[in-house]
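Chains A and B supply the protein sequences, listed in that same order.
Numbering follows this note's numbering, in which position 94 of the first sequence is assigned residue number 94; successive positions increment by one, without gaps.
Numbering follows this note's numbering, in which position 154 of the second sequence is assigned residue number 1154; successive positions increment by one, without gaps.
Beta carbons are placed, not taken as given, at the ideal position from N, Cα and C, and that holds for glycine.
Number of protein chains: 2
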Amino acid sequence: MSGTDRTGTREMIEQVALRLFAEQGFSHTSLQQIADEVGVTKAALYYYYPSKGELAQKLVAPTKSDIDGLLDEAEHAEDVDSREVLGRFFDLLVQHAPVLAAMVRDGTILGHVDFSAWTIEWLQRFQTILVGQDATIERRARAVVAAGGLARALILIQDGSIEEVRSAALDAACSALGVE
Amino acid sequence: MSGTDRTGTREMIEQVALRLFAEQGFSHTSLQQIADEVGVTKAALYYYYPSKGELAQKLVAPTKSDIDGLLDEAEHAEDVDSREVLGRFFDLLVQHAPVLAAMVRDGTILGHVDFSAWTIEWLQRFQTILVGQDATIERRARAVVAAGGLARALILIQDGSIEEVRSAALDAACSALGVE
DNA sequence: GTCTATAATCAGATAGAC
DNA sequence: GTCTATCTGATTATAGAC
Chain A
1 MSGTDRTGTR EMIEQVALRL FAEQGFSHTS LQQIADEVGV TKAALYYYYP SKGELAQKLV
61 APTKSDIDGL LDEAEHAEDV DSREVLGRFF DLLVQHAPVL AAMVRDGTIL GHVDFSAWTI
121 EWLQRFQTIL VGQDATIERR ARAVVAAGGL ARALILIQDG SIEEVRSAAL DAACSALGVE
Chain B
1001 MSGTDRTGTR EMIEQVALRL FAEQGFSHTS LQQIADEVGV TKAALYYYYP SKGELAQKLV
1061 APTKSDIDGL LDEAEHAEDV DSREVLGRFF DLLVQHAPVL AAMVRDGTIL GHVDFSAWTI
1121 EWLQRFQTIL VGQDATIERR ARAVVAAGGL ARALILIQDG SIEEVRSAAL DAACSALGVE
């Protein structure tokens, strides 16, 4: 970016790549563009990563594993506090916002990742966690609207503090669910 | 598709293109692939459309204009029945499902269309329509969760009739909003 | 209206020098 | 660890024959 960071080229590549992916999506961001902004050549990128797909996957993996981890834990818990699980989900969405922005713009990292399949899977697991495995369509819709709507509430962060938005969005999600 | 439809090549191109776009996204679908499945050559496509972008835009335009039209109307109405507006929104999402699927997979048609910007705009207009222009964050979050969550409820259509899902999702959305 | 043939471009990826 | 140089292949798009 500014020429002379001897140390941390790898970190710089990941940082620049993530920013460009978030702004433009994966397919519309070329390795050339990443290399230019980092200040190295395309070939240098291949010293650190064997392919574009693996670079993208490396950036995206923690997001998936954090969210999967939350769902795993909630699925195996004795009893679940809906508001708490949804709150932790919201926090993870905030924490991984750049990666999620990238995947919203371009949900398919050629072969490796299918974001729209992920979100469907997440929402299906939320049904089980929030209203139980064999719930009626009526109750499952409440779970999907709660979790899916909560995720959309991130767009409000530009209009208020994260804490305000978090609390407001959780109130709305819990109303959709029909708890307290 | 099956060789000898003399008539309606244009319709066939649009039909095949839409299906492939929905399955793979815009950027991951080449004109070659479309031409192959239609049973013509790539060059023939250029007789009907000046570019790939214009083909994609033509397919996508009715979806945007229908939804914008609904929001226009609701914004100018004297008083709005939230459940009815949300219901009509749901119906448009169902009606335009293939186009929306395509845009979820690949939200950027280079320069022409930015789907993630559309959804943000739609959700912001829903805030105005459902809870008023200068509402608190708390109430705006209810609007976003209701409209955003409703959109996600489409994934339940595989598990029940459209009518069932529609009714259940509207119940949940209205609960999130805090009406009736 | 559809074809063949090809241009022009740009992508991801590799080999090997330094 | 980064470079130059190059390869290979795919893509959009065009020109002109039939």
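Setting aside the 5 residues that flank it on each side, Val1085 of chain B is surrounded in the same chain by Ala1074, each with a C-beta closer than 6 Å to its C-beta; the list follows chain order. The C-alpha of Leu55 of chain A lies about 34 Å from the C-alpha of Lys1064 of chain B.
Under the criterion of beta carbons closer than 8 Å, Ala1172 of chain B and Gly1149 of chain B qualify as touching, at roughly 7 Å. Within the same chain, Glu1075 come within 8 Å of Thr1128 of chain B by CB-CB distance, once the 5 residues on both sides are set aside. Chain order gives no chain B residues near Thr128 of chain A, where near means a beta carbon separation below 7 Å; the closest approach is about 13 Å. Only those residues of the segment 27-59 of chain A whose C-beta falls short of 7 Å from the nearest C-beta of chain B are listed: Ser27 and His28. Between the segment 110-118 of chain A and the segment 1113-1122 of chain B there are fewer than three C-beta pairs closer than 8 Å, too few to call the two in contact. Of all residues in the segment 129-144 of chain A, the ones placed with a Cβ closer than 7 Å to any Cβ belonging to chain B are Ile137, Glu138, Arg140, Ala141, Arg142 and Val144, in chain order. Under the three-state reduction of DSSP output, Val113 of chain A falls in the strand class. Cβ-Cβ distances below 8 Å link Val1179 of chain B to Ser1082 and Arg1083 in the same chain, with the five nearest sequence neighbours on each side left out; the list follows chain order. For Ile67 of chain A, the enclosing alpha helix (DSSP H) begins and ends at Lys52 to His76. In the three-state reduction of the DSSP assignment, Thr108 of chain A falls in the strand class, which pools E and B. Between Ile1162 of chain B and Val1104 of chain B, the C-beta spacing is not below 8 Å. Here Arg1166 of chain B is buried: its Cβ has 16 or more other Cβ atoms, across all protein chains shown, within 10 Å. When the five nearest sequence neighbours on each side are left out, the beta carbons in the same chain lying within less than 6 Å of the beta carbon of Pro98 of chain A are those of Leu18 and Ala22, in order along the chain. Counting C-beta atoms within 10 angstroms of its own C-beta, Gly1132 of chain B has fewer than 16 neighbours from the protein chains shown and is therefore classed as exposed.
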